[in-house]
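Colleague: Sequential numbering of the sequence shown, starting at 29, is according to the working numbering.
Before anything else, here's the structure in question.
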Amino acid sequence: MKKFKVGVIGTGYIGMVHLEILRRIVGAEVVAIAEPNAALARSAAGKLEIPKIYAAADELLADPAVEVVHNCAPNNVHFDINKKAIAAGKQVLSEKPLSLDARESAELVRLADQHETLTAINFCYRYYPVVQEAAARVRRGDLGDVRAFVGHFLQDWLFYDTDYSWRLDPAAAGRANVIADLGSHWCDLVQFITGQKIVEVMADLHTCIPRRKKPKAGPLSFSSRRDFEYDEVEIKLDDYAALFLKLENGAHGNFTTCQVCAGKKVDLELQIFGSKESYAWSHVHPNALWVGHRERGNETFYESSQLQAEETGKYATLPTGHPMGYHDAVYNLFRDYYAAMEARRDGRPYEVTFPNFHTGHEEMCVIDAAVASSQAGHWVKVQA
Ligand SMILES: NC(=O)c1ccc[n+]([C@@H]2O[C@H](COP(=O)([O-])OP(=O)(O)OC[C@H]3O[C@@H](n4cnc5c(N)ncnc54)[C@H](O)[C@@H]3O)[C@@H](O)[C@H]2O)c1
């Protein structure tokens with residue numbers, strides 16, 4: 029089988045996840061990486077036997093051998109890299125958030141449509157098998173009408189004032205930190221599972237730690253080093269955000285996200301209350317879907333290739349009882365994306381069931397509305 033030639037841009041935390049998962053995709057072969065940190069680039073290329081190393085994204089984008097680009101660089105270069113990759117005729121799988129704001133993401137959607145680019149965005153949490161199952165059950169009508177929803181996404185990697193990341197710098201992250209970083213994932217889950225768009229938000233964005241010690245030598249994300257020379261800097265972006273939300277069917281919900289919660293690592297939870305039953309999913313126990321009933325005992329449904337709905341069983345790739353994890357969720361998304369690419373190349377019909385740049389743009393519209401709402405102090409409609 030002819031393999032798609034892939035280039036990965038940025039080999040920090042998530043870039044390495046992409047590189048490792050791409051090895052599981054039979055129809056893909058990583059031929060190049062672009063990474064300005066030379067030591068990181070050498071280490072990634074050496075470990076995974078990648079033939080070409082570029083120091084700059086533009087060099088990789090100019091390589092005619094690269095057919096598919098995985099954009100794993102920080103947020104401020106997503107727009108530029110995605111735009112140039114599309115213009116160069118490459119297919120693009122980008123990290124989230126898609127851009128710094130909805131104006132940029134709208135432009136990316138327009139360009140991708142114009143160039144017929146097959147795009148994807150790594151909203152990987154929706155690819156846990158029971159999350160897919162919850163969405164299938166909603167589509168089947170089991171939940172009934174969505175009435176209300178609540179949840180959170182909590183972490184602690186910004187707990188100390190010595191914790192620092194480019195995510196806190198507006199030049200690299202845009203106008204939002206945690207609401208864009210974690211909120212985009214959570215809002216994608218709500219929209220994916222319910223099948224409803226978020227149409228209005230009221231947000232309170234807050235900075236719990238307004239001054240931090242920024243290392244003089246730039247850190248990678250999620251570093252726990254404390255013994256460095258630093259500059260004390262003012263932090264303007266949110267490390268806490270609370271949102272009230274409305275869906276297009278009129279259901280109301282609320283959501284809190286925060287990165288200074290000691291002990292909370294990836295505590296992502298979503299509960300959806302329908303007119304027939306309720307669902308709850310937590311990333312702390314990601315293999316289980318809680319199904320709540322009024323008139324009979326509640327259930328816990330565990331992921332299972334045999335027991336899930338026909339269209340979602342394929343995401344539980346291990347025999348029932350063997351739990352899937354984060355890497356598997358990313359794999360599920362990549363597998364759907366590359367299956368569509370192969371089908372398109374071979375002239376077979378295919379469906380875009382994975383999140384793409386349209387999805388990424390929808391989340392940027394929610395983030396922009398949240399920032400505007402927090403500044404204005406009232407409800408703001410999401411401008412699609
Ligand atoms: N889908 C997910 O679950 C998930 C998880 C983590 C991060 N992300 C997203 O992935 C992106 C990267 O986050 P991270 O945690 O890996 O950050 P990171 O800081 O660990 O890594 C970013 C890498 O990009 C490199 N880089 C910087 N500027 C570049 C440029 N112009 N061209 C090429 N490379 C460049 C850096 O040297 C670094 O190695 C962010 O947009 C983030 O939101 C997504």
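Just so it is clear, CB atoms sit at the ideal spot from N, CA and C, and this is done for glycine as well.
Note that the structure is a prediction, hence the values are computed from the model and not measured.
Out of LEU182, SER122 and ASN99, which has the shortest C-alpha to C-alpha gap to ASP267?
Modeller: LEU182
Colleague: In whole angstroms, give me the CA-to-CA distance for GLY341 and TYR354.
Modeller: 17 Å
Colleague: If you run the structure through DSSP and keep just helix, strand and coil, what is GLN334?
Modeller: coil
Colleague: Kindly list the residues whose CB is nearer than 6 Å to the CB of THR284, restricted to its own chain and excluding five residues on each side of it in sequence; keep chain order.
Modeller: HIS180 and ALA270
Colleague: CA-CA distance, SER333 and TYR155?
Modeller: 14 Å
Colleague: Pull the bridge partners of ARG240 from the DSSP assignment, please.
Modeller: VAL261
Colleague: Hey, is ILE37 close to ligand 2, as in C-beta under 8 Å from one of its heavy atoms?
Modeller: Ligand 2 is absent from the structure shown, which contains only ligand 1.
Colleague: What is the residue span of the alpha helix (DSSP H) that VAL394 lies within?
Modeller: Note, VAL394: alpha helix (DSSP H), 385-404.
Colleague: Relative to the C-alpha of LEU217, which candidate in ASP170, ASP255, SER310 and GLN119 has its C-alpha closest?
Modeller: SER310
Colleague: Below 8 Å, is the gap between the Cβ of ASP209 and the nearest heavy atom of ligand 1?
Modeller: Of the heavy atoms belonging to ligand 1, at least one sits nearer than 8 Å to the Cβ of ASP209.
Colleague: I'd like the ranges of any beta strand (DSSP E) spanning at least 3 consecutive residues and lying wholly in the region 259-324.
Modeller: As far as the region 259-324 is concerned, its whole beta strand (DSSP E) runs of at least 3 residues are 268-275, 280-286, 295-302, 306-310 and 316-320.
Colleague: Can you give me the start and stop residues for the alpha helix (DSSP H) that GLN142 sits inside?
Modeller: 130-143
Colleague: CA-CA distance, TRP318 and PRO347?
Modeller: Each residue's Cα considered, the two are about 21 Å apart.
Colleague: So if DSSP puts TYR82 in a beta bridge, which residue, or which two residues, is it bridged to?
Modeller: ALA62
Colleague: Verify whether the separation of the beta carbon atoms of ARG195 and PRO102 is less than 9 Å.
Modeller: yes
Colleague: State yes or no: is the C-beta of ARG240 within less than 9 Å of the C-beta of GLU260?
Modeller: For the pair ARG240 and GLU260, the CB atoms are nearer than the 9 Å cut-off.
Colleague: Give the DSSP-derived three-state secondary structure of ASN205 in the structure shown.
Modeller: In this structure, ASN205 counts as coil in the three-state DSSP scheme.
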